[in-house]
Amino acid sequence: MQSEESKGNNTLGSNSSTASMASNSNPLTSHVLDTAVGLTNADGRVGNLISSEEFTPSRFKLTFDTLAYYESRGERTFYPYIDVVFEIERPEEHYHVPILLSAFGYSTYRGS
Amino acid sequence: MASNPLTSHVLDTATGKPAVGIPVTLSKFENDVWRQISRKWAFQDTANRLRWTGWKSDIIEEFTPSKYKLTFETLAYYEGRGEKTFYPYIDVIFEIERSEEHYHVPILLSAYGYSTYRGS
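Protein sequence lines, in the order shown, are assigned to chains C and R.
Per full-length UniProt numbering, the first sequence runs over residues 1 to 112.
Per full-length UniProt numbering, the second sequence runs over residues 1 to 120.
Structure follows, in structure tokens:
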């Protein structure tokens, strides 16, 4: 999770759970663009966004820094950034919050 | 400036019908903060496009090139239908560069997913 202001290379949730912790050690993943929290891998995915201890029933927000992505490609976009605000009721489940992105449109869904 | 510079529409893709009654707030990003310009409720016209009476006059002076945000209060819509949703509200943040153009910022909505695009 991050706020819009946070920049830099700190990776929230890099203190990933060990096997002895709650069984849901990687409860939240996403397809995400280049962000301050994590970087996508070759698959376009990022995990380890949050530890299971922090992942309690609550409202969360993922912010995707889409402007930097398009600027680095020399392209314009309608969306300087994308916020997805969602409610977690069952933190024992896995949540996948991807973005299907284009410069003038996007979609998101709750995956698992 | 376009005479009706900004419109929106919320389509509930689970029912195939427009989502009536969702409050929508328009905010403008100025001096590093979001300032609310207008808050309206969708009412149903023949296409259930979001018509906000007086919205044109609310925003027409304000609609200069800037960063804007539309906030759709979807939770109450689903609660009113006795349904759960993943999204307590939806923010769409967009950049206006040409205030003489018309911008259509719709939401295709379901309880566990949504999409948006820049229309005209």
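Every residue, glycine too, gets a C-beta built ideally from N, C-alpha and C.
> When you compare each of C:Pro80, C:Glu53, C:His94 and C:Pro91 to R:Val92 by their alpha carbons, which one comes out closest?
Replying inline: C:Pro80
> Which residue comes first and which comes last in the beta strand (DSSP E) that contains C:Leu39?
Replying inline: Counting along the chain, C:Leu39 falls outside any beta strand (DSSP E), and DSSP gives it neither H nor E.
> Would you call R:Lys28 buried or exposed, if buried means 16 or more other Cβ atoms sit within 10 Å of its Cβ?
Replying inline: buried
> Can you round the beta-carbon distance between R:Phe63 and R:Ser99 to whole angstroms, since I take them to be within the 8 Å contact cut?
Replying inline: 5 Å
> Would you say R:Ser8 faces chain C, with C-beta separation under 9 Å as the test?
Replying inline: no
> In its own chain, which residues sit with a C-beta less than 6 Å from the C-beta of C:Arg59, not counting the 5 before and 5 after it?
Replying inline: Glu87
> What are the boundary residues of the beta strand (DSSP E) that includes R:Tyr117?
Replying inline: Gly113 to Tyr117
>> So C:Glu87 contacts chain R; which residues on that side make the cut at Cβ distance below 7 Å?
In response: Phe86 and Pro88
> Nearest-angstrom Cα distance between R:Thr85 and R:Leu6?
Replying inline: 27 Å
>> Just to make sure I have the definition right: I need the residues of chain C whose C-beta is within less than 8 Å of the C-beta of R:Thr116. Which are they?
In response: Gly105, Tyr106 and Ser107
> In chain order, what residues of the same chain lie with their CB nearer than 8 Å to the CB of R:Glu83, ignoring the 5 residues before and after it?
Replying inline: Ala111
> What residues in the segment 51-80 of chain C bring their beta carbon closer than 7 Å to a beta carbon of chain R?
Replying inline: Arg59, Phe78, Tyr79 and Pro80
> Between which two residues does the beta strand (DSSP E) containing R:Glu79 stretch?
Replying inline: Segment Thr74 to Gly80 is the alpha helix (DSSP H) holding R:Glu79; no beta strand (DSSP E) there.
> For R:Asp32, does the count of other Cβ atoms within 10 angstroms reach 16, so buried, or fall short, so exposed?
Replying inline: exposed
> Going by other Cβ atoms of all chains shown within 10 Å of its Cβ, with 16 needed for buried, is R:Ala19 buried or exposed?
Replying inline: buried
>> So with CB distances below 7 Å, who are the chain C contacts of R:Glu95?
In response: Phe78 and Pro80
> Is the Cβ of C:Asp43 closer than 9 Å to any Cβ of chain R?
Replying inline: no
>> Applying the 10 Å Cβ sphere with the 16-neighbour rule, what's the burial state of C:Pro98?
In response: buried
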